[in-house]
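**Student:** Starting off with a structure, shown below.
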Amino acid sequence: MAKECDKLISPKEAINMLMHCRKDRLSYVLDILRVAGYEFSGKDIEVARAQKVTMEQVNAANRKAKEKDWVETDDEAVLLLREAYMNGVKFMDISRLTGINRTGLYAFLKGNRIIPLAYRDTLIETLKDILGKKDQPDG
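At the far end of the sequence shown sits residue 206, using the numbering used here, and the numbering has no gaps.
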């Protein structure tokens, strides 16, 4: 039975499970991996978690680098969209909530397109909700 489990979880998948596992579920994941034939020490877990932090830092640096291409604007919707992007909010989620496709959101982010009035209020309200700025006055 253990040999059958070994084929189901690759070493790369095992490390990935450790990287993304919540602390409160780590013991369960370690038990599953043990059954699959993997033994991880405390140091292995620390390394996996450090890799996750490193990936998050790389993603943040990539977002920061893209900021150089942005056009100057005082458009509230674009500024909120940029803030959401810099905070790692997924445009797929914004798209689902607003009805604006992701390609359009990225074009607005860069300042290459104007946000249609039909979507503007919905986008602003959605982004304020996401960013926790709902109760702040406009301006």
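In this text, a Cβ means the ideal position worked out from N, Cα and C, and glycines have one as well.
Keep in mind it's a predicted model, so treat the numbers as computed, not measured.
Give the secondary structure of Ile103 by DSSP, where H, G and I count as helix, E and B as strand, and everything else as coil.
**Tutor:** As written in the sequence, residue 103 is Ala, which differs from the Ile given in the question. Ala103 falls in the coil class under three-state DSSP.
**Student:** For Leu147 versus Leu194, is the C-beta distance shorter than 7 Å?
**Tutor:** Cβ distance < 7 Å, so Leu147 and Leu194 count as in contact.
**Student:** At the level of alpha carbons, what is the spacing between Tyr143 and Lys135?
**Tutor:** The sequence as given places Glu at residue 143; Tyr does not occur at that position. In a straight line, the C-alpha of Glu143 is about 19 Å away from that of Lys135.
**Student:** Applying the 10 Å Cβ sphere with the 16-neighbour rule, what's the burial state of Glu113?
**Tutor:** Label assigned to Glu113: exposed.
**Student:** By the 10 Å Cβ neighbour count, where 16 or more other Cβ atoms means buried, how is Met159 classified, buried or exposed?
**Tutor:** With fewer than 16 other Cβ atoms within 10 Å, it is exposed.
**Student:** Hey, would you say Phe175 sits closer than 7 Å to Val145, going by beta carbons?
**Tutor:** Result yes, Cβ atoms of Phe175 and Val145 sit closer than 7 Å.
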